[in-house]
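Trainee: First the structure, which I've put down as structure tokens, then a few questions once you've had a look.
See the structure below:
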């Protein structure tokens, strides 16, 4: 940072402005510490100017401060200015100008520089506050100190993590796994700010590349938490190489893989990483290092053997530092001369089109957009000098050697080369990057990890080599096969669908390329009603067919089951729901709330599984193949029991739920996929739940700052309120209570929902239900005109309930309404004008309507599926846990281990002790909530840790660990440190489904699927039989006069038998009778053919003419049959 010594600083009390401008014309915003060095050394040619309205202080050189000055506040940092005076200038700037927090961070981002005078700054704030008589200004000074200190502590934490990564660049994967919760959006913003602030291309480049590598490592860790034990093909190949009988045999395997184009980038990185780690290790034997060196050399030579000449030419061109010489060499490569003999046999020649193609492959490997061809933009992105030279070469070739048509054709040409191999070759011989440093070279790693269209990562832990010690063995083979594999980033394979499992409607989407697409169901709708019914025949109906028959079958039609999922029967919300639905809610043996239909009991997870199965079938019909993997959304405020129950529903439906994500987060993914950034609020008011989340989107990082909500506030509550009003009005006018008539109640419910929807676009609507009920005086009709104002008055309290969660969410996120850039509306209820009005009131701005409220969540889930599959890169999702987690301690206190709005996945441990003497076991009660007393929070589960040695109270040390995975599922363990005994459980609701129950339900679902298939086959067969009967009867009526009576009688009998079989359920019987009918009717054609032949031979009579007319038809049928 040499140019900092030539920096001019301008303070203006009039403009309250600070700007930093260096002599080399680079205008970077730098910390104040850039020109403060504690007065301990002399500056060279430093000019510091403080300009005010009245006095200008100027200094040509700062003087060295005498060591006799004891008070650091009196140390002279520039002629005429002490540290105290300088700190006052900073304080005045912050107080008067009030720069944004990002600018404050800019001043503090270079930690070593800031720490030189931070203590003096805080001390000066305190001194001025203590001496200040104005209470308002005094409070401002204290608040300033607190705010800066908070930023200081936060940046120090990020700096510690960055230092650990910089000191151990080869262990970044292990660091990401160990300190995952520290890799927050704030950390990445800190690194980005540091990169912007640093002076010098190399410094900025190093930090930017390291940050990108961190992002890849974190994404890899998140995407594969559930598939850690899966070996990828590269690891398998590496193990096979290491298990070779000799070094020569191992090298030969590498050469064979190269020839067969199986030496892919993952395997190359694996071998290079192994060599680099072995080389640097202090414990690996020399024999082991020698083996790894030979494998590394064999890999390098194998790659060279398949190197395209264009790559060799690019290496040569890019290692030329003089631009004129480089362009001359380029011209020579394209113009070897007319005389074929004049070519230098050692020189490299190619065509402009071919070299242009390979340059684009290289740039694609660096993951730069094709449009970013300007050198200034490349510098701005802090890319290496190699990329700049590539851009220059690309521009030169396009401008001087290629026309636009050629470029477009090249753009559309399919790339079949393994760019991962060629990129390694390309990098290996460039002077700035040698292959010895490849494993720790951020640029190469990032480019390989994020190039192409698949995800790759180093699958062997570099740190695993530390376990290989000098134990006298002379060979590594068989030893290295057991290298630790902390995680790998590997596509999950096949299509991953995204499902919005809603209370009222559900939706399914899938990624098509890089765009999510909502899939229409069999009825042609983009959403499917979340309704399940069992009709009088015992048939299971799901979606639109189930909703259609709800009026005639209300007690066996289940809707809104999502509100019961993961809930206990005794829950007050469950008891409230029981009064509002026509079907029965019953108490399960485990105490959960289940539903009853057609005399059978079903868990809400089973009902959800039926809906998920319908979504799965919808996707399979569209994609034309079987689907087994999905991302399912849940309300952000769902607790652990409800999330676990949702995952159980997926398992019952035959889906592997790769990830459960929050609905507002999914909607934000859908909104922010197209490079949108800023702080957004997601207001999600759906059919049964309400959520609000504050997210910050920056450079592809989606960080949830806070979330809040109400799991029992949604469209159904609005419907119920309107339903109660209609019931009361009818009771007042006709003195009849419709709540006792379930069929009438279901008609009213559907009319209320329809009226609610209509009032979103009209000022009034009419609810007209003829023959709603009857009494002794005759039939009764309901006819009510409902205005929008009346509807808003009825539901006003419900709408007002959304205000408090929004305010709490903003408070938890630590942001003001003014800092929110956009408000997204999600869920069908956000179409209600009054809801939009209150959103505008809360956030002080009109909400954004850029996403479809019904489809945004499913599309976001599909995007998350694309991330897990590896199709969508550049996006990182940082979600939070909505409620605090902890356990009950002495006195019934709820002790929180993990606070709400903590980024997940996360892990937290705390040591507890016994409450009584000689206590040999402890009970662990796991709770979730925000109340201080344990009894007021949700009990998630409990277990006992036994076998604790007798000891006085307070002596045993019991370590309790809470672990929340990326799905928000909680695992709790308790360990006695003295004995090492440990008990661990994955938390389920205190009554949740057991594994046996889930397996039983899976079998039932499979059985139902088989029955559905048989039913479909029967319907198809009946349709085919019905068509055949119609065709046979038509032919019989047309030819009855021309065929013998016995043939006609045989056909009629076959048709009658087929009709009888159609009325039954036996598929085989219908098939047999259908075949018999077809065989019988074929005799008409046979008879007519014979008749035609005899008529022709008898002469040209009237019959003969008729027969002649039939002959071509018979011949046509015969020919058609032969073609088949």
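Residue numbers (our numbering): 7 to 1130. In this text, a Cβ means the ideal position worked out from N, Cα and C, and glycines have one as well. Small disclaimer: the values here were computed from a predicted structure and weren't measured.
#1: By Cβ distance below 6 Å, which residues in the same chain neighbour residue 1189 in space, the five residues on each side in sequence not counted?
#2: When the Cα atoms are used, what is the spatial distance from residue 212 to residue 253?
#3: Assuming residue 113 and residue 155 are in contact, meaning their beta carbons sit under 8 Å apart, how far apart are those beta carbons, in whole angstroms?
#4: In terms of residues, what are the limits of the beta strand (DSSP E) holding residue 588?
#5: Determine the extent of the alpha helix (DSSP H) in which residue 154 is found, giving its start and end residues.
#6: The beta strand (DSSP E) with residue 970 in it runs from where to where?
#7: Just the Cα atoms here: how many angstroms apart are residue 1038 and residue 1061?
#8: If contacts are defined as beta-carbon pairs under 8 Å, then residue 812 and residue 698 qualify, I think. What distance do you get, rounded to the angstrom?
#9: Can you name the start and end residues of the alpha helix (DSSP H) that residue 621 belongs to?
#10: What residue does the alpha helix (DSSP H) around residue 890 start on, and which one ends it?
#11: Going by CA-CA distance only, name the one from 747, 618, 797, 783 that's closest to residue 763.
#12: Using the DSSP secondary-structure output, state which residues sit across from residue 600 in a beta bridge.
#13: From the DSSP output, read off the bridge partner residues of residue 835.
#14: Have a look at 525, 744, 840, 822 and flag the residue whose alpha-carbon is nearest the alpha-carbon of residue 691.
#15: May I have the straight-line CA-CA distance separating residue 182 from residue 643, to the nearest angstrom?
#16: Looking at C-alpha atoms only, which residue of 188, 981, 554 is the closest neighbour of residue 162?
#17: For residue 246, does the count of other Cβ atoms within 10 angstroms reach 16, so buried, or fall short, so exposed?
#18: Under the DSSP definition of a beta bridge, which residues are partnered with residue 824?
#19: Please indicate yes or no: does the CB of residue 714 lie closer than 8 Å to some heavy atom of the ligand HEM?
#20: Since residue 324 and residue 359 should fall inside the 8 Å C-beta cutoff, what is the C-beta to C-beta distance between them, to a whole number of angstroms?
#21: Just confirm the distance between the C-beta atoms of residue 364 and residue 336, as a whole number of angstroms; I'd bet it's less than 8 Å.
#22: Output the distance between the C-alpha atoms of residue 98 and residue 885, rounded to the nearest integer angstrom.
#23: Can you tell me where the beta strand (DSSP E) with residue 704 in it begins and where it stops?
#24: For residue 922 and residue 955, what's the separation of their Cα atoms in angstroms?
#25: Which of the three DSSP states is assigned to residue 682 in this structure?
#26: Taking buried to mean at least 16 other C-beta atoms within 10 Å of its own C-beta, is residue 517 buried or exposed?
#27: Using CA atoms only, rank isn't needed, just tell me which of 989, 964, 960, 947 is closest to residue 975.
#28: Please report the straight-line C-alpha distance between residue 982 and residue 988, rounded to a whole angstrom.
#29: Would DSSP call residue 961 helix, strand or coil?
#30: For a minimum of 4 consecutive residues, which ranges assigned as the alpha helix (DSSP H) are wholly contained in the segment 1022-1088?
#31: Assuming contact is defined by CB atoms lying nearer than 9 Å, are residue 165 and residue 196 in contact in what I supplied?
#32: Could you tell me which residues DSSP puts in a beta bridge with residue 989?
#33: Assess contact between the segment 519-538 and the segment 859-873, defined as three or more Cβ pairs (one per stretch) separated by less than 8 Å. Is contact present?
#34: By Cβ distance below 8 Å, which residues in the same chain neighbour residue 835 in space, the five residues on each side in sequence not counted?
#35: Give the C-beta separation of residue 930 and residue 966 to the nearest angstrom, bearing in mind that I take them to be a contact with Cβ-Cβ under 8 Å.
#36: Using the three-state DSSP reduction, which class does residue 340 fall into: helix, strand or coil?
Mentor: Checking against the coordinates, here is how it stands:
#1: With the chain covering only 7 through 1130, there is no way to say anything about residue 1189.
#2: Mapped onto the chain shown, residue 212 falls at position 206. Mapped onto the chain shown, residue 253 falls at position 247. When rounded, the distance between both Cα atoms is 36 Å.
#3: The sequence position of residue 113 within the chain shown is 107, counting from 1. The sequence position of residue 155 within the chain shown is 149, counting from 1. Actually they are not in contact, since the Cβ atoms of residue 113 and residue 155 sit about 13 Å apart, beyond 8 Å.
#4: The sequence position of residue 588 within the chain shown is 582, counting from 1. Premise fails: residue 588 is in no beta strand (DSSP E) and is neither H nor E.
#5: Your numbering for residue 154 matches position 148 in the chain shown. 141-173 is the span of the alpha helix (DSSP H), which, as asked, contains residue 154.
#6: Reading the chain shown from its first residue, position 964 is the one you call residue 970. Residues 964-970.
#7: Residue 1038 sits at position 1032 when you count from the first residue of the chain shown. Residue 1061 sits at position 1055 when you count from the first residue of the chain shown. If I take the Cα positions, the gap works out to 8 Å.
#8: Position 806 of the chain shown, counting from 1, holds the residue named residue 812. Position 692 of the chain shown, counting from 1, holds the residue named residue 698. About 5 Å; that satisfies the 8 Å criterion.
#9: As a working note, residue 621 is residue 615 in the chain shown. Here the alpha helix (DSSP H) through residue 621 covers 610-629.
#10: Against the chain shown, residue 890 aligns to sequence position 884. In this chain, residue 890 is not harboured by any alpha helix (DSSP H), its DSSP state being neither H nor E.
#11: For this step, residue 763 is matched to residue 757 along the chain shown. When C-alpha distances from residue 763 are compared across 747, 618, 797, 783, the shortest belongs to 797.
#12: Within the chain shown, numbered from 1, the residue matching residue 600 stands at position 594. 592, per the DSSP bridge assignment.
#13: Translated into positions along the chain shown, residue 835 becomes position 829. DSSP output for residue 835 lists no bridge partner at all.
#14: Looking up residue 691 in the chain shown gives position 685. Relative to residue 691, the option among 525, 744, 840, 822 whose CA is nearest is 840.
#15: In the chain shown, residue 182 corresponds to position 176, counting from 1. In the chain shown, residue 643 corresponds to position 637, counting from 1. Whole-angstrom Cα-Cα distance: 28 Å.
#16: Numbered from its first residue, the chain shown carries residue 162 at position 156. The residue with the shortest Cα to Cα distance from residue 162 is 188.
#17: Within the chain shown, residue 246 is the residue found at index 240, counting from 1. With fewer than 16 other Cβ atoms within 10 Å, it is exposed.
#18: Sequence index remark: in the chain shown, residue 824 carries index 818 (1-based). In the DSSP output, where bridge partners are listed per residue, residue 824 has none listed.
#19: The ligand HEM is not part of the structure shown, which contains no ligands of any sort.
#20: The count along the chain shown starts at 1 and reaches residue 324 at position 318. The count along the chain shown starts at 1 and reaches residue 359 at position 353. About 19 Å separates the beta carbons of residue 324 and residue 359, which is beyond the 8 Å limit, so they are not a contact pair.
#21: Taking the first residue of the chain shown as 1, we reach residue 364 at position 358. Taking the first residue of the chain shown as 1, we reach residue 336 at position 330. 13 Å between Cβ atoms; not a contact.
#22: Translated into positions along the chain shown, residue 98 becomes position 92. Translated into positions along the chain shown, residue 885 becomes position 879. C-alpha separation (whole angstroms): 38 Å.
#23: Residue mapping note: residue 704 aligns to position 698 of the chain shown, counting from 1. From DSSP, the beta strand (DSSP E) with residue 704 extends over 696-704.
#24: Within the chain shown, residue 922 is the residue found at index 916, counting from 1. Within the chain shown, residue 955 is the residue found at index 949, counting from 1. Distance between the alpha carbons of residue 922 and residue 955 is about 13 Å.
#25: As a first step, residue 682 is located in the chain shown; it is residue number 676 there, counting from the start. If DSSP states are grouped into helix, strand and coil, residue 682 belongs with coil.
#26: Translated into the one-based positions of the chain shown, residue 517 becomes position 511. By the neighbour-count rule (16 or more Cβ atoms within 10 Å), residue 517 is buried.
#27: Indexing the chain shown from 1 puts residue 975 at position 969. Selected option, being the one with the closest Cα: 947.
#28: Mapped onto the chain shown, residue 982 falls at position 976. Mapped onto the chain shown, residue 988 falls at position 982. CA-CA distance, residue 982 to residue 988, rounds to 7 Å.
#29: By 1-based counting over the chain shown, the position of residue 961 is 955. Coil at residue 961, not helix or strand.
#30: 1051-1069
#31: The sequence position of residue 165 within the chain shown is 159, counting from 1. The sequence position of residue 196 within the chain shown is 190, counting from 1. Their beta carbons are under 9 Å apart, which means residue 165 touches residue 196 by this criterion.
#32: Mapped onto the chain shown, residue 989 falls at position 983. Answer by DSSP bridge pairing, in chain order: 980.
#33: yes
#34: Position 829 of the chain shown holds residue 835. Counting only Cβ-Cβ distances below 8 Å, and skipping sequence neighbours, we find 691, 692, 693, 720, 721, 724, 841.
#35: One-based indexing of the chain shown puts residue 930 at position 924. One-based indexing of the chain shown puts residue 966 at position 960. Yes, they are in contact, since the Cβ atoms of residue 930 and residue 966 sit about 7 Å apart, within 8 Å.
#36: Indexing the chain shown from 1 puts residue 340 at position 334. DSSP, reduced to helix, strand and coil, places residue 340 within a helical segment of the structure shown.
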